[in-house]
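The next block holds one structure in the form of structure tokens; read it before the comments.
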Amino acid sequence: MSTISNDLRTVAQVIPSIPTSDGAGVKLRRSIGSQRGLYLDPFLMLDEFGTDQPGDYIAGFPDHPHRGFETVTYMLDGRMQHRDHLGNVGDLGPGGVQWMTAGRGVIHSEMPLQESGRMRGFQLWINLPGKEKMKPAGYRDIPASGIPSATLPGGGAIKVIAGTAEVGEQRIGGPINSPSQPLSTAPLYFDIELPAGASFEQAIPTGHNAFLYSYEGSVEIAGKRLPGQAALVLDTAGSRVQFTAGAEGARLLLLAGKPLREPVVQYGPFVMNTREEIEQALRDYQSGDFAKAA
Ligand code: FE2
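Using the numbering used here, you'd call the opening residue of the sequence shown number 369 and step up by one each time.
Here is the structure:
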């Protein structure tokens, strides 16, 4: 006998996170994007970084370019500073979010503001539709105080970075992808903490891609225990997701977005629709026009 409604999504694919390093040697775990072509449209990459060892993060991410997508950095612990060629300087602290639209081009650095202690958080890359890849770069720093949070009726808590969360009868909107400023990929980005056995349920538009990433503890969907530190990709058929924390509780990200269904051609930090556009990005970067163009 099954009590599971067909409207609830199940896990279609598990993408484990793989230890790697990026920037000037920052150690991290990459799930989505860990292999060429391993995308979940519109999500291109999810990195989890978390360490108490300064040697794992101290070299940071010195100046590097991006074109054609958005980068979202969410800090749990520690402090980083962003600087870009447009003159933006932003300090990222615990619970804060940086939402950067690289558009036609950003050259930036992301460097630690600490020499000891824990550094922990996530960087997500979200693709832009072809018609927006060359729009002017944009940048927002949202401190922890700007991220709405709420206690969940069944125990635990939620932070709403993007999209709208259902909390009992309440609807809690995050600072990104609000109804008044919708993004083309309609992203939903929640950070959820659940005590052992507590459940959470949320609407996800049918057809939008969605995944969970538990970074502490584990979750169950439809009674099946799922691995932590892995992207748990949900099927696209249902309109709701429901999950329950395992015996040790769970802290997890829930992400969803509208697929773009466009060709993805990636060369490192450039993500375009065609090889010609990648070659143009490289020419613009090498000639110095990249920074000027923005
Ligand atoms: Fe970057």
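Ideal placement from N, C-alpha and C gives every residue a C-beta, glycine not left out.
Here the structure is a predicted model, which means the values were calculated and not measured.
Query, Result
"C-beta contact flag for Ala530 and Leu414 at 8 angstroms", "no"
"Beta-carbon proximity of Val601 to Ile383, cut-off 8 angstroms", "yes"
"Residues near Ala533 in its chain [Cβ-Cβ closer than 7 angstroms; skip 5 each side]", "Ile526, Ile540, Phe558 and Gln570"
"3-residue-minimum beta strand (DSSP E) runs that sit fully inside the segment 504-571, ordered along the chain", "506-510, 517-519, 525-530, 532-535, 538-541, 556-562 and 567-571"
"Backbone CA spacing between Val457 and Asp375 [nearest angstrom]", "45 angstroms"
"Within 7 angstroms of ligand 1: residues by beta-carbon to any heavy atom", "Phe429, His432, His434, Thr439, His476, Glu478 and Pro637"
"From Leu622, Ile426 and Asn495, residue whose alpha carbon lies closest to that of Gln449", "Ile426"
"Alpha carbon of Asp652 to alpha carbon of Trp467, nearest angstrom", "24 angstroms"
"Helix, strand or coil at Gln597 according to DSSP, with G and I counted as helix", "coil"
"Coarse secondary structure for Arg643, derived from DSSP in three states", "helix"
"Chain-order list of residues whose beta-carbon lies under 8 angstroms from that of Leu412 (same chain, five-residue window excluded)", "Ile400, Gly401, Phe437, Trp493, Ile494, Asn495, Val632, Gln634 and Val639"
"Per-residue burial, Gln491 [other beta carbons within 10 Å of its own, 16 or more giving buried]", "buried"
"Proximity below 8 angstroms, CB of Ala470 to CB of Ala505", "yes"
"Short Cβ contact (8 angstroms threshold) for Arg435 with Gly464", "no"
"Thr378 vs Ala590 beta-carbon contact at 8 angstroms", "yes"
"Residue(s) in a DSSP beta bridge with Thr439", "Met468 and Trp493"
"Boundaries (first-last residue) of the beta strand (DSSP E) holding Asp452", "Met448 to Asp452"
"Within the segment 380-429, ranges of the beta strand (DSSP E) (whole runs, at least 3 residues)", "386-390, 394-398 and 411-419"
"Nearest candidate by alpha-carbon position, reference Gln610, set Gly405, Gly565 and Arg643", "Gly565"
"Inter-residue spacing [alpha-carbon to alpha-carbon] between Gly575 and Ser484", "44 angstroms"
"Segment limits, beta strand (DSSP E) that includes Val609", "Arg608 to Gly625"
"Cα-Cα separation between Ala392 and Arg608, rounded to whole angstroms", "40 angstroms"
"Alpha carbon of Leu562 to alpha carbon of Arg643, nearest angstrom", "44 angstroms"
"Reduced DSSP category for Gln648 - H, G, I as helix; E, B as strand; rest coil", "helix"
"N-terminal and C-terminal residue of the beta strand (DSSP E) that Val457 is part of", "Val457 to Leu460"
"Leu621, buried or exposed, once every other Cβ within 10 Å from all chains shown has been counted against 16", "buried"
"Local Cβ density within 10 Å of Glu616, reported as buried at 16 or more and exposed below that", "exposed"
"Environment of Gly418 [buried if 16+ CB atoms lie within 10 Å]", "buried"
"Gly446 versus Arg404, Pro543 and Ala512, residue with shortest Cα-Cα distance", "Ala512"
"Rounded distance between the beta-carbons of Ile572 and Ala624, thought under 8 angstroms", "5 angstroms"
"Beta-carbon proximity list for Arg593, same chain, < 7 angstroms, skipping 5 on both sides", "Ser586 and Gly614"
"Under 8 angstroms between C-beta atoms of Glu478 and Gln597", "no"
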